[in-house]
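To start, the structure under review is shown below, and the notes come after it.
In UniProt numbering, the protein residues as written are 1 to 752.
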């Protein structure tokens with residue numbers, strides 16, 4: 001029956017249209033032979049089913065289910081020879097039926113995917129022949145059921161077997177090449193699996209997967225309007241953090257194209273994108289390609305944030321037809337990792353197929369500002385991140401404060417502490433960017449409207465600045481600043497400016513090394529970014545009430561050095577030098593009261609403002625002070641400064657002996673304070689150059705000098721200022737005695 005008579009018998013039944021007998025023959029071949037317990041019977045059954053299919057010819061399509069099922073069962077046979085005969089039988093069945101087998105494609109594909117990983121080379125070879133035949137049929141036909149096939153493809157794509165993976169990729173490449181099959185619509189369902197296959201150990205498989213992903217990306221660029229960008233965004237976020245360089249680079253390239261093609265559609269996924277992209281910006285040259293692509297992603301994403309994001313109400317935002325966010329998005333985007341600063345995800349753990357429910361629900365494309373700020377804040381707190389990442393984070397914060405200031409100021413209270421701590425960073429570039437952010441916070445009009453801290457600028461004109469000093473000197477201390485976040489002396493700044501100045505001085509107080517190494521650099525940069533007069537006015541106002549007198553003296557010395565030597569302060573020096581306006585005189589008085597913490601800096605301020613008589617009066621008081629090595633060192637530095645270009649006008653005024661007697665007396669006073677040192681010799685030589693007043697007589701010598709007019713018109717109560725100086729110095733003397741007493745007690749305890 002199985003040799004020559006079976007085909008003739010089947011052909012007779014076909015001619016008679018006797019379907020029941022045909023089914024009966026197939027049933028006997030299946031049940032009694034192909035599914036028999038005896039290997040030889042199973043082999044005969046497989047041969048018989050193939051012969052039956054050949055005899056049926058074009059009518060075999062009517063009996064494919066009965067013909068295919070027993071053959072597929074034999075694919076699982078323990079005997080490799082039977083598995084080979086099953087491949088051969090199915091090859092003959094499919095070859096005869098051609099396009100009629102497509103309704104049964106899923107079961108055929110499932111069986112072939114198992115044989116692709118068969119350990120027997122003959123079976124594998126036979127399955128490859130069958131696979132090529134099936135691919136030819138699919139390519140020729142326009143009736144392929146892609147919708148029904150995708151769930152199976154999505155399941156099989158997570159196989160870890162190399163041969164199964166190779167089989168899957170080969171089919172994806174075939175389906176991708178068929179014009180009538182639009183696999184791009186279902187890319188979100190298989191993209192994660194493709195990226196996992198891209199990490200295979202086999203170079204051949206990785207190359208095949210690269211080709212497949214490259215073809216998909218070309219198609220995306222050609223037809224961006226039909227691409228489901230939103231459904232694939234979180235998949236890319238995961239693989240942009242992969243440990244495998246090829247996976248990470250490929251995912252990053254896809255992310256770059258997605259951001260550039262989809263535009264603001266990617267905004268809801270900004271926090272996840274930044275979580276993946278920011279750490280890559282600090283990669284070294286070994287991952288240069290990834291770093292460059294990540295930088296483009298970062299820049300492109302930043303450009304998507306526009307001022308309208310700050311102004312639009314949710315009800316007024318433009319609706320866009322997008323698929324709703326997938327239910328599995330939480331497992332993809334890993335918001336927990338973003339909030340804890342984690343940058344690596346275990347991709348291998350995602351071995352289950354991902355489901356993306358399709359929906360036409362209309363959702364709003366909005367800027368997820370809260371999520372973005374959370375990610376940026378986490379990266380700033382992470383001390384292990386590289387310099388370029390920290391710079392990128394600060395650039396993002398600055399950009400968000402520029403584009404969306406109203407919404408950003410809701411986060412300022414939480415960001416403020418870490419921004420202040422970042423001033424201690426080792427990199428000057430990081431500090432510069434950090435200062436830009438802090439300066440924008442301190443000067444943005446949006447910071448005023450939020451109402452942080454007391455502020456009443458409605459009755460203060462920027463052109464008329466008046467310092468209000470509380471009656472109690474201890475009202476503002478280094479530990480108690482509540483209620484004083486806004487200074488009436490800084491009306492051109494917002495509520496955060498004074499708060500910034502207070503906390504900056506607190507930081508200098510707690511980190512003296514920061515003050516020594518970066519203090520001048522930070523203040524000079526702030527003077528460029530903000531109003532220098534406001535900075536000095538507010539700091540002087542705060543230091544006036546500083547309880548740590550030693551720190552106050554050090555800080556005043558630092559500010560004075562910056563004031564006298566920095567090119568950024570040229571305009572402010574000119575303003576103080578003349579004291580022509582009420583504002584400049586008010587600033588002088590404010591600075592003077594704080595400068596009293598350091599006697600030598602107070603004298604230098606008087607020299608700068610040409611208050612020579614008062615400088616002489618101050619030097620007369622130095623006899624009552626405790627002259628220490630530090631004190632003499634500061635006098636030495638002041639002498640050096642007098643010889644600098646900044647005090648050129650002062651040295652020229654020595655020519656006018658008659659109208660500047662107190663200048664000469666003050667300089668002689670400094671000379672008398674100095675020991676026989678190089679500074680003493682320098683100043684002594686300078687004073688020896690002062691001309692004889694009788695030789696300098698001129699016809700206009702009887703007229704009062706311009707300096708005299710300026711001083712008499714200034715209406716400054718110098719007596720009160722001198723009393724204030726004595727009061728502050730008494731406090732410093734008392735504090736030194738207390739410190740000395742505590743040190744002596746400590747020494748006694750050590751001895752005991």
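Where a beta carbon is used, it is the ideal one built from N, C-alpha and C, also for glycine.
Note that the structure is a prediction, hence the values are computed from the model and not measured.
Residue 581 carries a coil assignment under DSSP once its states are collapsed to helix, strand and coil. With contacts defined as CB atoms closer than 9 Å, residue 258 and residue 233 qualify as a contacting pair. Note that the C-beta distance between residue 193 and residue 157 is below 9 Å.
Rounded to whole angstroms, the separation of the alpha carbons of residue 560 and residue 614 is 18 Å. With fewer than 16 other Cβ atoms inside 10 Å of its own Cβ, residue 145 counts as exposed. Put simply, the segment 674-682 does not touch the segment 542-559. Fewer than three CB pairs are less than 8 Å apart. Going by C-alpha positions, residue 196 is about 12 Å away from residue 250. Straight through space, the alpha carbons of residue 526 and residue 648 are spaced by roughly 27 Å. DSSP places residue 656 outside both helix and strand once states are collapsed to three, so it counts as coil. Considering only 381, 374 and 389, the residue with the shortest C-alpha distance to residue 410 is 374.
Contact between residue 444 and residue 405 holds, since their C-beta atoms are separated by about 5 Å, short of 8 Å. Rounded to the nearest angstrom, the Cβ distance from residue 390 to residue 380 is 7 Å, consistent with a contact under 8 Å. Per DSSP, the continuous alpha helix (DSSP H) segment holding residue 295 begins and ends at 288-303. Each residue's CA atom was taken as its position, placing residue 717 and residue 662 some 18 Å apart. By the 16-neighbour rule on beta-carbons within 10 angstroms, residue 228 is buried. Between the alpha carbons of residue 741 and residue 726 lies a distance of about 22 Å. In this structure, DSSP gives residue 496 a helical state, which the three-state scheme calls helix.
Counting only runs of 4+ residues, the alpha helix (DSSP H) found wholly inside the segment 134-196 occupies 146-156 and 162-177, in chain order.
Every alpha helix (DSSP H) stretch that sits fully inside the segment 548-614 and reaches 4 residues is listed by chain position as 549-565, 570-578, 582-595 and 599-608. Straight through space, the alpha carbons of residue 580 and residue 594 are spaced by roughly 21 Å. Of the residues assessed, residue 570 falls on the exposed side of the cut-off, its CB having fewer than 16 other CB atoms within 10 angstroms. A direct Cα-Cα distance of roughly 23 Å separates residue 308 from residue 436. Comparing C-alpha distances from residue 548 to each of 597, 384 and 565 shows the shortest one belongs to 597. Taking the Cα positions, residue 366 is about 12 Å away from residue 263. Secondary structure of residue 18 (DSSP, three-state): coil.
Under the 10 Å beta carbon count, residue 629 is surrounded by fewer than 16 other beta carbons and is classified as exposed. Apart from sequence neighbours up to five positions away, the residues of its chain that approach residue 540 with a beta-carbon distance below 6 Å are 590, 591 and 594, ordered along the chain. Of the residues 638, 212 and 393, the one whose Cα lies closest to the Cα of residue 674 is 638. Put simply, of 41, 22 and 40 the residue whose alpha carbon is nearest the alpha carbon of residue 54 is 22.
Using a 10 angstroms sphere on the CB of residue 43, the tally of other CB atoms reaches 16 or more, which defines it as buried.
When DSSP states are grouped into helix, strand and coil, residue 409 belongs to the coil group.
Collapsing the DSSP output to three states places residue 626 in coil.
Non-local beta-carbon contacts of residue 268 in its own chain, meaning distances under 7 Å to residues more than five positions away in sequence, involve 365, 366 and 368 in chain order. A direct Cα-Cα distance of roughly 10 Å separates residue 730 from residue 624. Around the beta carbon of residue 166, a 10 Å sphere encloses 16 or more other beta carbons of the protein chains shown; the residue is thus reported as buried.
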